[in-house]
Amino acid sequence: MTSLFLFYMKRDLKSFKTLIVSAVYFFITYLFIRYGDSVGRIFDNSDGFAILKVMYAVFAFVGFLFGASLFSNIISQGISSRDFRFILPYQSRRALYFSKFLMSFVFFLLQILISTIVVLVFREDAVFSSQQFCNISIFYFYMLSIITFISTISKNDRTAMLLNIIISIIYPAIFLFSNFVNNNFLDMLLWITPYHYIEKTWEVLFLMILSVAFLCIGVSVFEKKEI
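Residue numbers for the sequence shown follow our numbering, beginning at 34 and rising by one.
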């Protein structure tokens, strides 16, 4: 599985799209380094946590859209192009599925990690919070488990892309509306949106459970899928 993971890291991440996404993350990081004082004035930065906290929130809102644009075809393309047929005699479907998923997760985790380090180096008033970093990491873990799952159940790349983009719009919409509208149904839906857990503590474990559930269901579907 390790060799398969490294193979996809080298092959799938060498694209113009990943370069653009990396550049956007770098630009967002630069803005927080450049205008960190303004962030500190708008949000109370007396404890030093505000700069990274707000940056992670921005990463959360752009992450789903970037994830959908980069990895909606993460499984569906391999099925439609029949590339997986050349790999399956040597690797299990489960190893293939998790290699693809981990490749996408590691890509975004590196963006977050590098941005965090750069901000901490250039902003002396920024303080690292392991809870905040854990929350944004689990956010992306959940997000990519859904994207990979949808790519698995979709008939083709276009369907996967459309469904993932719709979800990337619906989830933040639910989160935003729930802050302005008092509705029990919205409150219930809020528990399956990752944005609900950005500032939580132990509750983020529920999001991790949902992520594992989507991964297990996705693997189960993939193992039965005709390739």
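All C-beta atoms in this analysis are idealised placements derived from N, C-alpha and C, irrespective of residue type, glycine included.
The model shown is predicted, which means the values in this text are computed figures rather than measured ones.
Original post:
For residue 220, which residues from the same chain have a beta carbon less than 7 Å from its beta carbon, with the 5 sequence-adjacent residues on both sides left out?
Top reply: Taking the sequence shown and counting its residues from 1, one reaches residue 220 at position 187. Answer for residue 220: 211, listed in chain order.
Inset, instruction - Spell out a yes or no on whether the region 120 to 137 and the region 195 to 207 are touching, meaning 3 or more CB-CB pairs, one atom from each, closer than 8 Å. - result: no
Item to check | Through-space distance from residue 238 to residue 88, alpha-carbon basis | outcome: The residue given as residue 88 occupies position 55 in the sequence shown. The residue given as residue 238 occupies position 205 in the sequence shown. In a straight line, the C-alpha of residue 88 is about 22 Å away from that of residue 238.
| query | Is it a yes or a no for the region 106 to 125 touching the region 182 to 193, going by three-plus beta-carbon pairs under 8 Å? | reply | yes
Taking 8 Å as the cut-off, decide whether the C-beta atoms of residue 38 and residue 146 are in contact. As a first step, residue 38 is located in the sequence shown; it is residue number 5 there, counting from the start. As a first step, residue 146 is located in the sequence shown; it is residue number 113 there, counting from the start. Not closer than 8 Å, so no.
### Among 52, 102, 86 and 165, the one whose alpha carbon lies nearest that of residue 65
Counting from 1 along the sequence shown, the entry for residue 65 is found at position 32. Residue 65 has its Cα closest to that of 86, out of 52, 102, 86 and 165.
What does the Cβ neighbour count give for residue 177, buried or exposed, with the cut at 16 atoms within 10 Å? Here residue 177 refers to the residue found at position 144 of the sequence shown. Label assigned to residue 177: buried.
Do the CB positions of residue 22 and residue 165 come within less than 8 Å of each other? Look at the range of the chain in this structure, 34 to 260, and you will see that residue 22 is not part of it.
Exposed or buried, residue 103, counting other C-beta atoms within 10 Å across all chains shown (16 or more means buried)? Indexing the sequence shown from 1 puts residue 103 at position 70. It is buried - the Cβ of residue 103 has at least 16 other Cβ atoms within 10 Å.
*CA nearest to the CA of residue 270, picked from 214, 119, 234 and 209*: With the chain covering 34 to 260 only, the question about residue 270 has no answer from this structure.
Next on the checklist: Below 8 Å on the Cβ atoms is my contact criterion, and I expect residue 194 with residue 101 to pass it. Report the Cβ-Cβ distance as a whole number of Å.
Outcome noted: The residue given as residue 194 occupies position 161 in the sequence shown. The residue given as residue 101 occupies position 68 in the sequence shown. With 8 Å as the limit, residue 194 and residue 101 qualify as a contact, their Cβ atoms being about 7 Å apart.
_Just to confirm my understanding: we take residue 57, look at its own chain, exclude 5 residues before and 5 after, and list those with CB closer than 8 Å. What are they?_
Residue numbering aside, residue 57 sits at position 24 when the sequence shown is read from its first letter. Answer for residue 57: 95 and 99, listed in chain order.
Subject >> Straight-line Cα distance separating residue 191 from residue 198 >> reply: Here residue 198 corresponds to residue number 165 of the sequence shown, with the count starting at 1. Here residue 191 corresponds to residue number 158 of the sequence shown, with the count starting at 1. When rounded, the distance between both Cα atoms is 11 Å.
* Roughly how many angstroms separate the alpha carbons of residue 260 and residue 68, rounded to a whole number? -> Against the sequence shown, residue 260 aligns to sequence position 227. Against the sequence shown, residue 68 aligns to sequence position 35. Cα to Cα, the separation comes out at about 50 Å.
Starting from residue 245, follow the alpha helix (DSSP H) in both directions and report where the run begins and ends. The count along the sequence shown starts at 1 and reaches residue 245 at position 212. Looking at the DSSP string, the run of the alpha helix (DSSP H) that includes residue 245 is 237 to 257.
DSSP state of residue 214, grouped into three classes?
-> The residue given as residue 214 occupies position 181 in the sequence shown. Here residue 214 sits in coil by DSSP.
Between the beta-carbon of residue 174 and the beta-carbon of residue 138, is there less than 8 Å?
Here residue 174 refers to the residue found at position 141 when the sequence shown is read from its first residue. Here residue 138 refers to the residue found at position 105 when the sequence shown is read from its first residue. Taking 8 Å as the Cβ cut-off, residue 174 and residue 138 qualify as a contacting pair.
What are the boundary residues of the alpha helix (DSSP H) that residue 83 is part of? As a first step, residue 83 is located in the sequence shown; it is residue number 50 there, counting from the start. Per DSSP, residue 83 belongs to the alpha helix (DSSP H) from 83 to 104.
Cβ-Cβ distance between residue 130 and residue 168 below 8 Å
Within the sequence shown, numbered from 1, the residue matching residue 130 stands at position 97. Within the sequence shown, numbered from 1, the residue matching residue 168 stands at position 135. Not a contact, by the Cβ cut-off of 8 Å.
message = Measuring straight from C-alpha to C-alpha, what distance separates residue 112 and residue 216?
response = What you label residue 112 is simply residue 79 of the sequence shown in a count that begins at 1. What you label residue 216 is simply residue 183 of the sequence shown in a count that begins at 1. So the alpha carbons of these two residues sit roughly 41 Å apart.
Cβ separation of residue 46 and residue 140, assumed to be a contact under 8 Å, to the nearest whole Å: The count along the sequence shown starts at 1 and reaches residue 46 at position 13. The count along the sequence shown starts at 1 and reaches residue 140 at position 107. Correct: roughly 6 Å between the Cβ atoms.
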